[in-house]
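Quick note: the sequence shown uses the numbering used here, first residue 200, plus one each step. Reviewing the structure listed below.
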Amino acid sequence: MVMMRVNRITIIIILHILLAIPYYHMVVLNVPAEVMQQAMNTSLLNTFGLVLSPGAAAVLWLIVSCQSVGALVGCLLVTPLLRRLFTGIACSLLPLFVQQIAPKQIKGSLSCFVHISVCFGAAVAAVLSLDFILGSQYTWGYLLFVPAVLAVNSFVPETPNYYLQNGFYIQAIDSIKFYYDIAYDDDDEAIQEYWDMVPEMPSQIGFIEASKSWTICKGVLLGTVVSAAQVFSGSVASISYSTSMFTAVSFTKVLIPFLPALGSLISIILTVPALKLVETTNRRSLLLRTLALCLVADCLMLVFSLLSVGESWVGSWLYLVAFFVYGIGYNLGVGPVAYFIPAELVPAEAAGVSLGVAVAVNWICSMITTLVYYPLNESKGGWSY
Numbered sequence: 200m201v202m203m204r205v206n207r208i209t210i211i212i213i214l215h216i217l218l219a220i221p222y223y224h225m226v227v228l229n230v231p232a233e234v235m236q237q238a239m240n241t242s243l244l245n246t247f248g249l250v251l252s253p254g255a256a257a258v259l260w261l262i263v264s265c266q267s268v269g270a271l272v273g274c275l276l277v278t279p280l281l282r283r284l285f286t287g288i289a290c291s292l293l294p295l296f297v298q299q300i301a302p303k304q305i306k307g308s309l310s311c312f313v314h315i316s317v318c319f320g321a322a323v324a325a326v327l328s329l330d331f332i333l334g335s336q337y338t339w340g341y342l343l344f345v346p347a348v349l350a351v352n353s354f355v356p357e358t359p360n361y362y363l364q365n366g367f368y369i370q371a372i373d374s375i376k377f378y379y380d381i382a383y384d385d386d387d388e389a390i391q392e393y394w395d396m397v398p399e400m401p402s403q404i405g406f407i408e409a410s411k412s413w414t415i416c417k418g419v420l421l422g423t424v425v426s427a428a429q430v431f432s433g434s435v436a437s438i439s440y441s442t443s444m445f446t447a448v449s450f451t452k453v454l455i456p457f458l459p460a461l462g463s464l465i466s467i468i469l470t471v472p473a474l475k476l477v478e479t480t481n482r483r484s485l486l487l488r489t490l491a492l493c494l495v496a497d498c499l500m501l502v503f504s505l506l507s508v509g510e511s512w513v514g515s516w517l518y519l520v521a522f523f524v525y526g527i528g529y530n531l532g533v534g535p536v537a538y539f540i541p542a543e544l545v546p547a548e549a550a551g552v553s554l555g556v557a558v559a560v561n562w563i564c565s566m567i568t569t570l571v572y573y574p575l576n577e578s579k580g581g582w583s584y
């Protein structure tokens, strides 16, 4: 019976996380970028009579594609009123959601599914944005509308922990039945069995209260370093600009539109071993070793991108190998670990603060990468790595 309940909550958590598709919005502008830019230019010309220079058009596109600003606001202002600031909220609350409802023996593994949901959202966006699906000049508007269909997530009940802490016992019993299929004539028995499966998570303290504790501040700081390292290892650049990166190294042109989807699917596959590694390997060791592998891959991409100058097919395909090596390092460790380790570095009551700050820093770093990498890559080529 206990195993059936664990299986039930595992399926619910995985479905809930995957349907959040938090990185859909980061990738959806990747493949059909030229189509959208042309639509913007046409709209400005027809509406205002403006013809943008290439430089002005590039600046406008940077602003349009920099979703990190909205996501950052979402991370810092996590309130019911702003719960639909989708990307930032999802990345901030999903780890906390897992912490509150996952059975203790599989909490680490299920936390990795936050990273898998990022890859899944990226894969969905990459596939749908192909020209012959929704990425054409006539259908790209529907491409941006797709996440609205997944608003079904809003109908999932609040966690039992939330209801119990706020005194809503009837709703808590219904929530326990929904998530764990626990039902007794005596409500206290149902609540006790729930606590036996999932240790109580204390009420979350605010940022000001957390800032008064050096222990919490130290944990939050370490969490932000991990979160920043996840981005500056090259993840956002590879997600947002993979098509332009491979175009720059003269990769086989017909394959380039399919690379974001293929890369996202491979990332999901590579993350599967991480489900075991996070439970059996020292987190610090796993993080540092995979970051080192990402660094090696970045250096290899620098070398091979320079070798590809002059349309050398050898340099282009070696660049693909280096890109794959980066994917191994990122998806085995630094990618999934960075989504939940900030909550583990602080006392349980400060998990929300730590995750909020870490993800906010993550989006600041993403914004910097979005604004800096593209013009840097255009002007410096392979040296941008």
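Using N, Cα and C, we set each Cβ at its ideal position, and we do this for glycine too.
Three-way DSSP call (helix, strand, coil) for residue 507 in this model: coil
Pairwise C-alpha distance: residue 493 and residue 203: Per the coordinates, the alpha-carbon of residue 203 lies some 39 Å from the alpha-carbon of residue 493.
contact_flag[the segment 541-557, the segment 514-528] where n(CB pairs < 8 Å) is 3 or more: no
Beta carbon of residue 530 nearer than 8 Å to that of residue 473: A Cβ-Cβ contact shorter than 8 Å links residue 530 with residue 473.
For residue 214, the nearest candidate out of 236, 255 and 293 (CA to CA): 293
Among 306, 255, 238 and 242, nearest to residue 335 - alpha-carbon criterion: Among 306, 255, 238 and 242, the Cα nearest to that of residue 335 belongs to 238.
Residues of its chain near residue 208, where Cβ-Cβ distance is below 6 Å and the 5 sequence neighbours each way are ignored: 378 and 379
Per-residue burial, residue 463 [other beta carbons within 10 Å of its own, 16 or more giving buried]: buried
C-alpha distance - residue 399 paired with residue 326, whole-angstrom precision: 40 Å
Residue 313 versus 296, 386 and 304, residue with shortest Cα-Cα distance: 296
Alpha helix (DSSP H) segment containing residue 159, residue limits: No answer is possible for residue 159: the residues shown for the chain start at 200 and end at 584.
Cβ-based burial, residue 247 [other Cβ within 10 Å; buried from 16]: Exposed, by the Cβ-count rule.
7 Å CB neighbourhood of residue 533 in its chain, flanking five on each side removed: 428, 429, 432, 486, 489, 490 and 493.
C-alpha gap between residue 298 and residue 306, whole angstroms: 7 Å
Test item: CB-CB of residue 426 and residue 547 under 8 Å: Contact: no.
Where residue 535 falls: helix, strand or coil (DSSP): helix
Residue 478 versus residue 308 - alpha carbon distance: 7 Å
Residue 397 (DSSP reduced to helix, strand or coil): coil
Neighbourhood of residue 279 by C-beta distance below 8 Å, restricted to the same chain and skipping five residues each side: The predicted model places residue 279 with a pLDDT of 35, which falls under 50 and marks its position as unreliable, so this point remains unresolved.
Residue 568 classed as buried or exposed, judged by whether at least 16 other C-beta atoms fall within 10 angstroms: It counts as buried.
Contact under 8 Å by Cβ, residue 545 with residue 419: Closer than 8 Å, so yes.
Bounding residues of the alpha helix (DSSP H) (the contiguous stretch that carries residue 426): 413-429
Inter-residue spacing [alpha-carbon to alpha-carbon] between residue 411 and residue 405: 10 Å
Distance between beta carbons of residue 310 and residue 457, contact taken as under 8 Å: About 30 Å separates the two Cβ atoms, so there is no contact after all.
Member of 383, 333, 497 and 570 whose CA lies at the smallest distance from the CA of residue 345: Among 383, 333, 497 and 570, the Cα nearest to that of residue 345 is on 333.
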